[in-house]
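With the working numbering, you'll find the sequence shown wraps up at 382, consecutive numbering, no jumps.
Glycine is no exception: its CB is placed at the ideal position from the N, C-alpha and C atoms.
Below: one structure, written as structure tokens.
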Amino acid sequence: MGRPTVGDRGVGLDRVRVLVGAALGPVVTGYAIVASVLVVVMALAPGTEFSPAGVLAAACPAWLAAYQVPLDIGGAPLGVLPLLPTFAVGLLVFRAAMSAVHRLDDLDGRRPGCVSRGIAVVGVVAGAHALTAVAFVGVSIGSPVEARFPDAIVLPTALAAGAALLGVAAASPGWWLDRLDPVAVRGVRAGLAAFCAVVALGAVAFTAATVAAWSTLGKLFDAFSPDPGSAVGMLLLSIAYMPNAVVLTSSVLTGGGFTLGAVSVSAFSMTPGPVPAIPVLAGLPAEYGSWWPLLLAAPAIVGALAGWSLRDVEGGVGARLRAVVVAGVVCGFCALVVAAFTGGQLGGGEYSPVSLRAEVFSLTAFGLVVVPGSVVAWLTGGNTDSRRTPRRQGRRRGL
-16 MGRPTVGDRG VGLDRVRVLV GAALGPVVTG YAIVASVLVV VMALAPGTEF SPAGVLAAAC
44 PAWLAAYQVP LDIGGAPLGV LPLLPTFAVG LLVFRAAMSA VHRLDDLDGR RPGCVSRGIA
104 VVGVVAGAHA LTAVAFVGVS IGSPVEARFP DAIVLPTALA AGAALLGVAA ASPGWWLDRL
164 DPVAVRGVRA GLAAFCAVVA LGAVAFTAAT VAAWSTLGKL FDAFSPDPGS AVGMLLLSIA
224 YMPNAVVLTS SVLTGGGFTL GAVSVSAFSM TPGPVPAIPV LAGLPAEYGS WWPLLLAAPA
284 IVGALAGWSL RDVEGGVGAR LRAVVVAGVV CGFCALVVAA FTGGQLGGGE YSPVSLRAEV
344 FSLTAFGLVV VPGSVVAWLT GGNTDSRRTP RRQGRRRGL
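In structure tokens, the structure reads:
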């Protein structure tokens, strides 16, 4: 074998730069955003002593919280963490991984879909997050805000690896989609679309409830009018927790519901109780409405539309029904994942815990897709077997 040329060494260095950028880019960007938000909040809060070192240290547990790491604040557990920062850091990792795969493909001059390149990208991204998490845990030890171990190591690593894996898959979708069952692929796409539609319905219901409680929302912000810094901080906090509220509302729409301390809400019953004076919860109703069970019709319509989108799956009724079941499994799995990151401890006081009935949310999301979707796909689909049989016979005859 010949000795490496200067060009080979240059390409090798470029590969290293790409991998380092994919590993450190999301970490550095995410930390910078968290630190910037803390600077804004501390600058607006009255009587707060601004210290660059203090901000940099406080940003460490805040960065871990963005990856859903539970925190202990003055001894009080905080497990209900905002989902908006989690989506943001996940998007950073996703885009970095996808960009790295494209650049590595260009450097190697090979067709997309090399497994080794994907493994390398996912490995360096997960490793960088694991090392960063270890360092940030060390910084938070002994501070008023401490991260819980081993969650502080496992969660950032696992979430970063998952987002990077999705980025790698998105970089060359044709490479792996061609190797999967076409019926299953149609079902997965329909399931993802159905879950997004259920969450969108939850967002609409949450917005409508918040608008209906506009006077309550105004009173909550009026309480902070003498202190603009606290008002801005409460606004940022409410925005960060808005996806959590949307997921809770989506669970109510599917019949699962949630609990917040002594408060329990579902489509079939409600137990009132004390609620935190947070603007994002202003739309929480004070009493049960007898018409709430009608809300189940909205996700059922989503399931019917999922079945309608699968009516043209080739292979007959069996294939169409199999695609609908796959769609239901995907929708239920997505519901289970988001439910796992939505609830948790809220200081251990009267508002704790925030609990989402994950198993009910997942099962009802599955059922509301499979039952109406199967009926629609069965009744509206064409007889694709009759169209495909001549082509199969022609292949056997060598035509």
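According to DSSP, residues forming a beta bridge with residue i
i      : result
Phe420 : Residue numbering for the chain in the displayed model covers -16 to 382; residue 420 lies beyond these limits and cannot be assessed.
Val246 : Leu243
Pro60  : Asp55
Thr254 : Ser247
Helix, strand or coil at residue i [DSSP, three-state]
i        : result
Ala265   : coil
Thr325   : coil
Ser338   : strand
Leu219   : helix
Arg379   : The predicted model places Arg379 with a pLDDT of 38, which falls under 50 and marks its position as unreliable; any figure quoted below should be read in that light. It is helical.
Val296   : coil
Asp205   : helix
Leu74    : helix
Trp387   : Residue numbering for the chain in the displayed model covers -16 to 382; residue 387 lies beyond these limits and cannot be assessed.
Leu163   : coil
Tyr14    : helix
Tyr50    : coil
Thr237   : coil
Pro259   : coil
Ala306   : helix
Ser155   : coil
Ala177   : helix
Pro65    : coil
Gly(-10) : Annotation note: pLDDT 49 at Gly(-10) (below 50); position unreliable, no value reported.
Ile284   : helix
Ala196   : coil
Ile124   : coil
Ser34    : coil
Gly385   : No answer is possible for residue 385: the residues shown for the chain start at -16 and end at 382.
Beta-carbon separation (whole angstroms), residue i vs residue j, contact threshold 8 Å
i      : j      : result
Ala392 : Val151 : Here the chain comprises residues numbered -16 to 382, so residue 392 is not present and cannot be evaluated.
Ala310 : Ala289 : 5 Å
Ala153 : Leu47  : Ala153 to Leu47, Cβ: 26 Å. No contact.
Val296 : Ala302 : 5 Å
Val72  : Pro9   : 7 Å
Distance CB(residue i)-CB(residue j) smaller than 8 Å
i      : j       : result
Val128 : Gly185  : no
Gly240 : Val246  : no
Leu346 : Pro262  : no
Phe344 : Ser252  : no
Tyr271 : Leu138  : no
Thr232 : Phe189  : yes
Val383 : Ala147  : Absent from the model: residue 383. The displayed extent of the chain is -16 to 382, so no value can be given.
Ala111 : Leu7    : yes
Ala318 : Ala360  : no
Thr363 : Arg305  : no
Leu87  : Arg(-2) : yes
Ala42  : Tyr14   : yes
Closer than 7 Å: residue i CB and nearest the ligand GDP heavy atom
i       : result
Arg(-2) : Within the structure as shown, the ligand GDP is missing, as the structure has no ligands at all.
CB contact check: residue i to chain B, cutoff 8 Å
i      : result
Val122 : In the structure shown, chain B does not exist; there is a single protein chain.
**Report entry** Three or more C-beta pairs below 8 Å linking the region 327 to 334 and the region 66 to 79
**Finding:** No, they do not touch.
Query raised in the report: With a cut-off of 8 Å, do at least 3 Cβ pairs link the region 214 to 222 to the region 159 to 172?
Result: no
Query raised in the report: Should the region 279 to 289 be regarded as contacting the region 132 to 145, the criterion being three or more beta carbon pairs within less than 8 Å?
Result: no
Requested in this report: Kindly confirm or deny that the region 352 to 364 and the region 308 to 327 touch, where touching means at least three C-beta pairs closer than 8 Å.
Outcome: yes
Query raised in the report: Can we say the region 33 to 41 touches the region 101 to 113, given the rule of at least three CB pairs closer than 8 Å?
Result: Judged by Cβ distances under 8 Å, the region 33 to 41 makes no contact with the region 101 to 113, as fewer than three pairs qualify.
Requested in this report: Pair every Cβ in the region 187 to 202 with every Cβ in the region 1 to 8, then say whether three or more of these pairs are closer than 8 Å.
Outcome: Using a C-beta cut-off of 8 Å, the region 187 to 202 makes no contact with the region 1 to 8, since fewer than three inter-stretch Cβ pairs fall below that distance.
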